[in-house]
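Sequential numbering from -9 applies to the sequence shown in the numbering used here.
All residues carry an ideal CB built from backbone N, CA and C; glycine is no exception.
Values in this document were obtained by computation on a predicted structure and should not be read as measured data.
For reference, the structure discussed in these notes is given below.
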Amino acid sequence: MTAEYKVHGDVAVITMNNPPVNGLGYSTRVGITDGLAKAIADDSVKSIIITGAGRAFSGGADIKEFGTSKAVAEPNLLSVILALEASPKPTIAAMHSVAMGGGLELALGCSYRICAPGTSIALPEVKLGLIPGAGGTMRLPRVLGVETALNMIVSGEPVKSELLAQQPGQKLFDKMASSAESLAEEALAYARSVADARPLPLVRNLPCKHPQGDAYFQFARNMVKGMAKNFPAPVKCVDQVENATKMKFDEGMTAEREIFTNLMLTPESRALRHLFVAERAASKIPDVPEDTPQRDIKSVAVIGAGTMGGGISMNFLNAGIPVKVLEMKQEALDKGLGIIRKNYESQVKRGKLKQDKYEQRMALLSTTLDYNDLKDADLAIEAVFEEMGVKQKVFEKLDEVMKPGAILASNTSTLDVNKIASFTKRPQDVVGLHFFSPANVMKLLEVVRGAKTGKDVMATVMTVGKKIKKTAVVSGVCDGFIGNRMIEQYSRQAGFLLDEGATPAQVDRAVEKFGFAMGPFRMGDLAGNDIGWAIRKRRAEERPNLLYSRTADKLCELGRFGQKTGAGWYDYKEGKRDAIPSDLVVKMIEDHRKELGITPRKISDEEIVQRLVFALVNEAAHILEEGIASKASDIDMVYITGYGFPMHRGGPMLYADQVGLFNVVQAMKRFQQNPRDDAKFWEPAPLLARLAADGKTFN
Ligand code: NAI
-9 MTAEYKVHGD
1 VAVITMNNPP
11 VNGLGYSTRV
21 GITDGLAKAI
31 ADDSVKSIII
41 TGAGRAFSGG
51 ADIKEFGTSK
61 AVAEPNLLSV
71 ILALEASPKP
81 TIAAMHSVAM
91 GGGLELALGC
101 SYRICAPGTS
111 IALPEVKLGL
121 IPGAGGTMRL
131 PRVLGVETAL
141 NMIVSGEPVK
151 SELLAQQPGQ
161 KLFDKMASSA
171 ESLAEEALAY
181 ARSVADARPL
191 PLVRNLPCKH
201 PQGDAYFQFA
211 RNMVKGMAKN
221 FPAPVKCVDQ
231 VENATKMKFD
241 EGMTAEREIF
251 TNLMLTPESR
261 ALRHLFVAER
271 AASKIPDVPE
281 DTPQRDIKSV
291 AVIGAGTMGG
301 GISMNFLNAG
311 IPVKVLEMKQ
321 EALDKGLGII
331 RKNYESQVKR
341 GKLKQDKYEQ
351 RMALLSTTLD
361 YNDLKDADLA
371 IEAVFEEMGV
381 KQKVFEKLDE
391 VMKPGAILAS
401 NTSTLDVNKI
411 ASFTKRPQDV
421 VGLHFFSPAN
431 VMKLLEVVRG
441 AKTGKDVMAT
451 VMTVGKKIKK
461 TAVVSGVCDG
471 FIGNRMIEQY
481 SRQAGFLLDE
491 GATPAQVDRA
501 VEKFGFAMGP
511 FRMGDLAGND
521 IGWAIRKRRA
531 EERPNLLYSR
541 TADKLCELGR
551 FGQKTGAGWY
561 DYKEGKRDAI
571 PSDLVVKMIE
581 DHRKELGITP
591 RKISDEEIVQ
601 RLVFALVNEA
611 AHILEEGIAS
621 KASDIDMVYI
631 TGYGFPMHRG
641 GPMLYADQVG
651 LFNVVQAMKR
661 FQQNPRDDAK
671 FWEPAPLLAR
681 LAADGKTFN
């Protein structure tokens, strides 16, 4: 049982105790209803408090039960709330720390609510593509007014209890406790003060009206529609709160249930719930126990103050961790420091950062040209040129100067981390920390685990990732790790599509319509087409027989590296980022087709999306089978947080699951028949073929 029952004189106290946030799982729900029944049956009990142990009143649904029959088993949350409403004795929710989702709905079913200041109050269901499903849409507007409630329901964002308590006429809290520490005592006193109050108040009996309802809801719906883009739930929140103002209470409850149940079945909600669980799962490494001792990271050294070094440093400064940056020359240091400063100053100008915070952060930053100055750092991150020879020199030097136990990390995007580790006498301390550009903005951090990387090093860097607010995903060692290894296949398909008849603008449009933030060609222009060019040249030596379209190389031979050179796949007006389709590039592609003797064909948007996305999926299946990624959901996290994959699709693997792996395999077999494509690549990866044959899914 994850709820405790105690009697203090004439007051019964039911304490939810289901760490970490008292999720309302099956046994907690049973604990509450059992406690309630006991309290009602006990003549000496006059009133009943419900509260939460530890760090929360309740965070809502228990994520461990997501998608299982336990989540809906009786007593379900609706039944628990009905039981509370039916209690002949006053029930008092004593809220503190966190009262969210089902937790808040539970409190709204009690006769009274007492709350500690600093409590985060929210109905965050919309973030999972849902609306509140246990009366939240019906009761919150009754206690906070329609507008405040709708704002909270549609945004899902938490609001502090003391702010809500100030709202005139609010009925969410009957009393604010003076502090979290005194809540228990004040709740007991309050419970005694209402012991004889009759009739007992019920939120459902309060009125729910908006004086200009029709106009208000139309306005709200228009606003929300524009912002919600690919997600149906936010507009449904508006619909349902409107229902709350127009329907009788029980009718409104039925409507809420119906909308909730329908949303539950949408692919968008499935995607958001998948990502919610995937994010938490990514931080767990199967063979690294959670209690693995970790190293203390109090200061960081960054080698190289270029594009990546600067952004990487900012992550640590933002988290209050001192950083020392090393470069080869003073000018490079000055330039790097200047960029960091400019970045922060622009944040200050835009009101995103306070001046004093900016100064505090800059005060944590120091620079050096001398490796000896790095020796006390707990973690060194190398971000120098992408050449093995340069990396070798840096790591030999780090091995020489760094104190024992320091972690030595490389930000390499393609090089062999095991080889880099072999340049040191402490390969157990070496790990890849692959940040994405711009490193101070992008959420993804690929943690590359070398063959000899210590478990304590892995545990430590995962914690560091969390501290600097990244989504850390573990990858094994291979060329490109998880993300870039997959993107190579996606880029190859984009190239073949040009050869066969598509234009860059058509490919980008199709992919952007699917939901990607940016199509492959606009992306190339933004990142710099020369980066891919350099990588292709290296790979051409390693894999001379690899088929790929030559168009990207031809573009680079024209010096069209993208936005930075004012021209790439698209033309750009000076100082502007708008991509203008380029006649010159289209002609270049047409000439290339002629050279190859290809008659262009009309290619559908559907084919474009399938070839690009299924190319990711097939490579990912190899990655999974080789153990480079330990679970499919990790791959989804990489693509959502690092590659602009549409969130409402849940990542490439969940998307493939939803399309059906059988259908994915069928499409691949069709692509194998295309003489211009790489038939060998489209051979479904063995894992994918097995899952499809067994009717199974990746996730
Ligand atoms: P960059 O060329 O902007 O910066 C490299 C910096 O390292 C330069 O300032 C250079 O002076 C310095 N440097 C070179 N050799 C050095 C040495 N021996 N000691 C100290 N400093 C030295 O390069 P960028 O783009 O920052 O890339 C750095 C690393 O990050 C590379 O390994 C790259 O593959 C990786 N990376 C790059 C990404 C990108 O989008 N630019 C994304 C993810 C990883």
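For residue i: DSSP bridge partner residues
{"i": "CYS105", "result": "MET85, MET166"}
{"i": "GLU372", "result": "ILE293, SER400"}
{"i": "LEU434", "result": "THR461"}
{"i": "HIS582", "result": "Its beta-bridge partners do not exist; DSSP assigns none."}
{"i": "THR5", "result": "GLU(-6), THR41"}
{"i": "GLY552", "result": "ALA557"}
{"i": "PRO571", "result": "TYR560"}
Residue range of the alpha helix (DSSP H) that includes residue i
{"i": "ILE598", "result": "595 to 615"}
{"i": "THR18", "result": "16 to 31"}
{"i": "SER481", "result": "471 to 490"}
{"i": "GLU232", "result": "223 to 236"}
{"i": "MET243", "result": "239 to 254"}
{"i": "GLY522", "result": "519 to 532"}
{"i": "GLY203", "result": "203 to 218"}
{"i": "PRO189", "result": "PRO189 -> no alpha helix (DSSP H), and no H or E assigned at all."}
{"i": "CYS468", "result": "Looking at the DSSP string, CYS468 is not in any alpha helix (DSSP H), and its letter there is neither H nor E."}
{"i": "ILE143", "result": "136 to 145"}
{"i": "GLY92", "result": "92 to 98"}
{"i": "ILE71", "result": "67 to 76"}
{"i": "PHE504", "result": "494 to 504"}
{"i": "PHE56", "result": "First-last for PHE56: undefined, no H or E at that position."}
{"i": "VAL267", "result": "257 to 272"}
{"i": "LEU677", "result": "676 to 683"}
{"i": "THR631", "result": "622 to 632"}
{"i": "MET508", "result": "No alpha helix (DSSP H) contains MET508, which DSSP labels as neither H nor E."}
{"i": "ASN535", "result": "Taken as a continuous stretch (DSSP letters only), ASN535 belongs to no alpha helix (DSSP H), as it is neither H nor E."}
{"i": "PHE652", "result": "651 to 662"}
Endpoints, the beta strand (DSSP E) within which residue i is located
{"i": "ALA449", "result": "That residue, ALA449, is in no beta strand (DSSP E); its alpha helix (DSSP H) goes 445 to 457."}
{"i": "ILE38", "result": "37 to 42"}
{"i": "SER356", "result": "355 to 358"}
{"i": "SER422", "result": "Here residue 422 is Gly; the residue named in the question, Ser, does not match the sequence. Element bounds for GLY422: 420 to 425."}
Reduced DSSP category for residue i - H, G, I as helix; E, B as strand; rest coil
{"i": "SER110", "result": "strand"}
{"i": "MET(-9)", "result": "coil"}
{"i": "LEU316", "result": "strand"}
{"i": "LYS150", "result": "strand"}
{"i": "SER48", "result": "strand"}
{"i": "ILE311", "result": "coil"}
{"i": "MET392", "result": "coil"}
{"i": "PRO10", "result": "coil"}
{"i": "MET378", "result": "helix"}
{"i": "ALA411", "result": "helix"}
{"i": "LYS339", "result": "helix"}
{"i": "GLY(-1)", "result": "coil"}
{"i": "ALA155", "result": "helix"}
{"i": "CYS198", "result": "coil"}
{"i": "ASP346", "result": "helix"}
{"i": "GLU171", "result": "coil"}
{"i": "GLU115", "result": "helix"}
{"i": "VAL278", "result": "coil"}
{"i": "PRO642", "result": "helix"}
Residue i Cβ short of 8 Å to ligand 3 heavy atom set
{"i": "HIS424", "result": "Ligands displayed in this structure: ligand 1; ligand 3 is not among them."}
### Message
Using 8 Å as the cut-off, can you tell me whether the stretch 177 to 189 makes contact with the stretch 76 to 87, which would need three or more C-beta pairs spanning the two stretches below that distance?
### Response
Touching, per the Cβ criterion.
#### Entry: the stretch 354 to 362 / the stretch 304 to 316 touching (three or more Cβ pairs under 8 Å)
yes
### At least 3 beta-carbon pairs within less than 8 Å: the stretch 107 to 121 vs the stretch 235 to 245
no
### Message
Assess contact between the stretch 321 to 331 and the stretch 281 to 298, defined as three or more Cβ pairs (one per stretch) separated by less than 8 Å. Is contact present?
### Response
Per the Cβ contact rule, the stretch 321 to 331 is in contact with the stretch 281 to 298 (3 or more Cβ pairs under 8 Å).
### Segment contact, 8 Å Cβ cut-off, at least three pairs: the stretch 368 to 376 with the stretch 394 to 407
yes
### Query
Is it a yes or a no for the stretch 240 to 250 touching the stretch 583 to 597, going by three-plus beta-carbon pairs under 8 Å?
no
### Message
Quick check: the stretch 335 to 351 against the stretch 444 to 462, are at least 3 beta-carbon pairs closer than 8 Å?
### Response
no
#### Entry: Cβ contact (3+ pairs, closer than 8 Å) linking the stretch 91 to 99 and the stretch 120 to 135
yes
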